[in-house]
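In the numbering used here, the protein residues as written are 1 to 453.
No residue lacks a Cβ here, since even glycine has one placed at the ideal position from N, Cα and C.
Worksheet: one structure, shown below.
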Ligand code: UD1
Ligand code: CA
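In structure tokens form, the structure reads like this:
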């Protein structure tokens with residue numbers, strides 16, 4: 001295949017989003033819209049990528065600069081005007097793929113088919129189209145006896161043209177030289193007073209050039225995002241695709257419509273996802289893990305056979321066959337070894353809990369290390385903050401911590417040590433020692449005077 005240059009149009013304000021944030025930076029399934037477009041272009045193996053930025057240019061430019069050359073459109077005078085800005089970087093002999101930053105659902109296969117058709121037909125331009133049951137808002141494809149004649153925008157279309165269901169997806173291929181000469185001739189003579197990219201086609205036809213069209217098999221791919229309703233629709237379509245993909249890979253998803261898996265997450269066979277669960281970011285879930293119901297995992301690593309129920313975990317590692325929840329909160333830096341139990345109303349932050357240890361109820365463990373086969377009694381707290389700094393508690397293997405213990409960090413508990421329930425531990429405890437810190441129980445006989453008590 002000859003060299004393609006990709007141009008992504010992303011300078012528009014996205015007025016209909018009613019937002020301070022540039023449209024292409026709005027998130028869909030945890031990533032900005034433009035990332036989906038950039039990712040497809042990369043997968044096609046296109047090396048030369050230009051992104052036209054304008055509205056909110058700093059935010060968009062910063063975001064794309066490592067993956068694309070940034071071209072600035074000072075004033076947003078239309079899609080044609082946006083593409084004109086990229087002309088200095090377009091070679092006459094190269095092919096140009098034009099995409100919109102607001103069309104995240106186009107598949108790699110469709111784009112590949114578009115490039116191939118364009119190449120093989122030798123056309124001056126190839127337009128990617130779609131059949132829409134409700135074509136409102138899109139440019140309509142005008143054909144005469146099956147031959148492409150041009151594109152009419154919704155706002156410029158007459159009643160008859162508005163009935164046309166075949167729409168312009170806003171994705172095209174051009175021969176560099178043809179595109180450059182036609183772009184030089186477009187004018188803003190239309191209802192919106194904009195330089196329409198779509199006017200290029202009329203010009204090319206008048207020069208006798210051949211234009212091809214390719215209709216997407218799945219019209220949802222063409223969904224352009226202009227407002228937040230369309231954003232939600234596109235996101236739902238994407239989540240549906242991702243769920244179906246993982247189910248086909250051997251993941252059980254119960255009540256799929258209540259489960260949301262981001263595109264970058266990786267699951268494995270025999271994982272079971274229960275309802276009302278969010279799998280976000282770069283989360284990895286190994287074979288046989290059971291996640292949910294009611295669970296949110298953000299950038300977590302879940303090893304084989306672990307179980308997480310009604311819990312939230314961020315940037316955490318959950319060891320093989322570990323059991324978490326219900327109602328646990330694992331904050332960044334939590335690392336659970338194999339066969340660990342973290343039970344109800346337990347919060348863990350930036351701490352390591354090693355193999356076989358249990359923190360079953362009502363605890364806070366922060367900035368600490370808990371060795372192997374340790375039992376932490378209900379209500380135990382590591383007091384890791386003194387108002388200025390954060391300190392850790394180190395608990396040795398096989399230690400037994402009685403309920404309602406406070407560890408005033410920094411403090412170190414030896415291997416096999418026993419802590420009496422209700423102790424506030426401020427000094428290190430040697431291996432195998434018993435530490436108890438509480439006053440003697442007093443018994444005052446006959447405290448109640450009335451006979452019936
Ligand atoms: C455009 C097409 C329409 C097509 C639809 C598909 C034109 C004239 N119309 O309409 O035929 O059906 O896409 O979704 O091209 N942009 C700039 N600079 C500008 C204006 C726009 O970079 O001055 C960028 C936007 O950021 C966006 C893309 O171009 O990513 C499309 O612009 P938008 O205003 O959304 O065009 P539509 O009205 O959707
Ligand atoms: Ca659009």
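task = Please determine, among 87, 301, 156 and 327, the residue with the shortest C-alpha to C-alpha distance to residue 189.
result = Residue 189 sits at position 189 when you count from the first residue of the chain shown. Of 87, 301, 156 and 327, the smallest CA-CA separation from residue 189 is found for 156.
N-terminal and C-terminal residue of the alpha helix (DSSP H) that residue 242 is part of = Numbered from its first residue, the chain shown carries residue 242 at position 242. DSSP places residue 242 in the uninterrupted alpha helix (DSSP H) bounded by 228-248.
ask   = Just how far apart, CA to CA, sit residue 257 and residue 220?
value = As a working note, residue 257 is residue 257 in the chain shown. As a working note, residue 220 is residue 220 in the chain shown. Between the alpha carbons of residue 257 and residue 220 lies a gap of roughly 18 Å.
query = By the 10 Å Cβ neighbour count, where 16 or more other Cβ atoms means buried, how is residue 433 classified, buried or exposed?
reply = Looking up residue 433 in the chain shown gives position 433. So residue 433 counts as exposed.
query = Under the three-state reduction of DSSP, which class applies to residue 441: helix, strand or coil?
reply = Within the chain shown, numbered from 1, the residue matching residue 441 stands at position 441. Residue 441 falls in the coil class under three-state DSSP.
Span separating the alpha-carbon of residue 333 from that of residue 294 = Sequence index remark: in the chain shown, residue 333 carries index 333 (1-based). Sequence index remark: in the chain shown, residue 294 carries index 294 (1-based). For residue 333 and residue 294, the gap between their C-alpha atoms comes out near 22 Å.
key: Any 3 or more C-beta pairs closer than 8 Å across the segment 369-382 and the segment 346-358   = The segment 369-382 vs the segment 346-358: in contact.
request  = May I ask you to report which of helix, strand or coil DSSP gives residue 498?
outcome  = Nothing in the structure corresponds to residue 498, since the chain is present only between 1 and 453.
message = Checking 7 Å against the spacing of the C-beta atoms, do residue 528 and residue 71 come in under that value?
response = Nothing about residue 528 can be reported from this structure: the residues present for the chain run from 1 to 453 only.
query = On the three-state DSSP scale, how would you describe residue 300?
reply = For the purposes of this step, residue 300 is taken as residue 300 along the chain shown, with counting starting at 1. Coil.
request  = Use the C-beta contact count for residue 32: other C-beta atoms within 10 angstroms, 16 or more gives buried, fewer gives exposed.
outcome  = Residue 32 sits at position 32 when you count from the first residue of the chain shown. Buried, by the Cβ-count rule.
ask   = With burial defined as no fewer than 16 other Cβ atoms inside 10 Å of the residue's Cβ, what is the status of residue 147: buried or exposed?
value = In the chain shown, the residue the question calls residue 147 occupies position 147. Using a 10 angstroms sphere on the CB of residue 147, the tally of other CB atoms stays under 16, which defines it as exposed.
ask   = So is the beta-carbon of residue 196 under 6 Å away from any non-hydrogen atom of ligand 1?
value = By one-based count along the chain shown, residue 196 stands at place 196. Flag set: Cβ of residue 196 near ligand 1.
query = If you compare alpha carbons, which of 105, 95, 101 and 100 is closest to residue 476?
reply = Residue 476 is absent from the structure shown; the chain starts at 1 and stops at 453.
CB contact flag (residue 330, residue 348, <7 Å) = Numbered from its first residue, the chain shown carries residue 330 at position 330. Numbered from its first residue, the chain shown carries residue 348 at position 348. Between residue 330 and residue 348, the gap from beta carbon to beta carbon is short of 7 Å.
query = Just checking my contact of residue 24 with residue 10 at CB under 8 Å: how many whole Å lie between their CB atoms?
reply = To locate residue 24, count along the chain shown from 1; it is residue 24. To locate residue 10, count along the chain shown from 1; it is residue 10. At roughly 4 Å, the Cβ-Cβ gap stays under 8 Å, so residue 24 and residue 10 are in contact.
query = Alpha carbon to alpha carbon, how far is residue 291 from residue 246?
reply = Walking along the chain shown from the start, residue 291 turns up at place 291. Walking along the chain shown from the start, residue 246 turns up at place 246. Each residue's alpha carbon lies about 14 Å from the other.
inquiry  = With distance defined between alpha-carbon atoms, name the residue in 173, 203 and 65 nearest to residue 184.
reply    = Residue numbering aside, residue 184 sits at position 184 when the chain shown is read from its first letter. Comparing alpha carbon positions, the residue from 173, 203 and 65 closest to residue 184 is 203.
query = Taking just the CA atoms, how far does residue 109 sit from residue 119?
reply = Residue mapping note: residue 119 aligns to position 119 of the chain shown, counting from 1. Residue mapping note: residue 109 aligns to position 109 of the chain shown, counting from 1. Distance between the alpha carbons of residue 119 and residue 109: 15 Å.
ask   = Taking Cβ to Cβ, would you say residue 259 is nearer than 7 Å to residue 273?
value = Your numbering for residue 259 matches position 259 in the chain shown. Your numbering for residue 273 matches position 273 in the chain shown. Yes, Cβ-Cβ distance for residue 259 and residue 273 is below 7 Å.
key: Same chain, Cβ closer than 8 Å to residue 299, five either side skipped, listed in chain order   = Counting from one through the chain shown, the residue named residue 299 turns up at place 299. Residues of the same chain with a CB within less than 8 Å of the CB of residue 299, apart from the 5 flanking positions on each side, are 280, 281, 282, 283, 314 and 315 in chain order.
query = Going by the beta-carbon positions, is the gap between residue 379 and residue 402 smaller than 7 Å?
reply = Position 379 of the chain shown, counted from the first residue, corresponds to residue 379. Position 402 of the chain shown, counted from the first residue, corresponds to residue 402. Not a contact, by the Cβ cut-off of 7 Å.
inquiry  = If distances are taken between C-alpha atoms only, which option among 326, 410 and 114 comes closest to residue 212?
reply    = Numbered from its first residue, the chain shown carries residue 212 at position 212. Residue 212 has its Cα closest to that of 114, out of 326, 410 and 114.
task = Could you spell out the range, first to last residue, of the beta strand (DSSP E) harbouring residue 95?
result = In the chain shown, residue 95 corresponds to position 95, counting from 1. Its beta strand (DSSP E) spans residues 95-100.
task = Please state if the CB of residue 271 and the CB of residue 285 are separated by a distance shorter than 7 Å.
result = Translated into the one-based positions of the chain shown, residue 285 becomes position 285. Translated into the one-based positions of the chain shown, residue 271 becomes position 271. Taking 7 Å as the Cβ cut-off, residue 285 and residue 271 qualify as a contacting pair.
message = Suppose you measure from the CA of residue 509 to the CA of residue 16; what does that come to, to the nearest Å?
response = Any property of residue 509 remains undetermined from this structure, which presents the chain solely from 1 to 453.
task = Could you check the C-alpha separation between residue 359 and residue 375 for me, to the nearest Å?
result = Within the chain shown, numbered from 1, the residue matching residue 359 stands at position 359. Within the chain shown, numbered from 1, the residue matching residue 375 stands at position 375. Approximately 7 Å between the Cα atoms of the pair.
inquiry  = Three or more C-beta pairs under 8 Å: does that hold for the segment 126-145 against the segment 171-183?
reply    = Enough Cβ pairs lie closer than 8 Å, so yes.
request  = Would you grab the beta carbon distance between residue 130 and residue 216 for me? Rounded to a whole angstrom, and I think it's under 8 Å.
outcome  = Mapped onto the chain shown, residue 130 falls at position 130. Mapped onto the chain shown, residue 216 falls at position 216. Indeed they touch by this definition, with Cβ atoms about 5 Å apart.
request  = Note down the Cα distance separating residue 242 from residue 22, rounded to an integer number of angstroms.
outcome  = Start at 1 with the first residue of the chain shown, and residue 242 comes out as number 242. Start at 1 with the first residue of the chain shown, and residue 22 comes out as number 22. Computed Cα separation, rounded: 26 Å.
task = Have a look at 163, 82 and 262 and flag the residue whose alpha-carbon is nearest the alpha-carbon of residue 197.
result = Against the chain shown, residue 197 aligns to sequence position 197. Measuring from the Cα of residue 197, the nearest candidate turns out to be 82.
ask   = For residue 201, does the count of other Cβ atoms within 10 angstroms reach 16, so buried, or fall short, so exposed?
value = One-based indexing of the chain shown puts residue 201 at position 201. Residue 201 is buried by the Cβ-count criterion.
task = Whole angstroms is fine: what's the gap from residue 262's alpha carbon to residue 67's?
result = Position 262 of the chain shown, counting from 1, holds the residue named residue 262. Position 67 of the chain shown, counting from 1, holds the residue named residue 67. In a straight line, the C-alpha of residue 262 is about 21 Å away from that of residue 67.
Spatial neighbours of residue 414 in its chain, beta-carbon cut-off 6 Å, leaving aside the 5 residues before and after = Translated into positions along the chain shown, residue 414 becomes position 414. Once the five neighbours on either side are set aside, the close Cβ partners of residue 414 are 396, 429, 430 and 431.
query = What are the start and end residues of the beta strand (DSSP E) that includes residue 210?
reply = Translated into the one-based positions of the chain shown, residue 210 becomes position 210. In the DSSP assignment, residue 210 falls outside any beta strand (DSSP E), carrying neither H nor E.
inquiry  = Here's a check: name, in chain order, each residue in its chain whose Cβ is nearer than 6 Å to the Cβ of residue 311, leaving out the five neighbours to either side.
reply    = Taking the first residue of the chain shown as 1, we reach residue 311 at position 311. Sequence-distant partners of residue 311 (beyond 5 residues in either direction) whose C-beta falls short of 6 Å from its own C-beta, in its chain, are 295, 324, 325 and 328.
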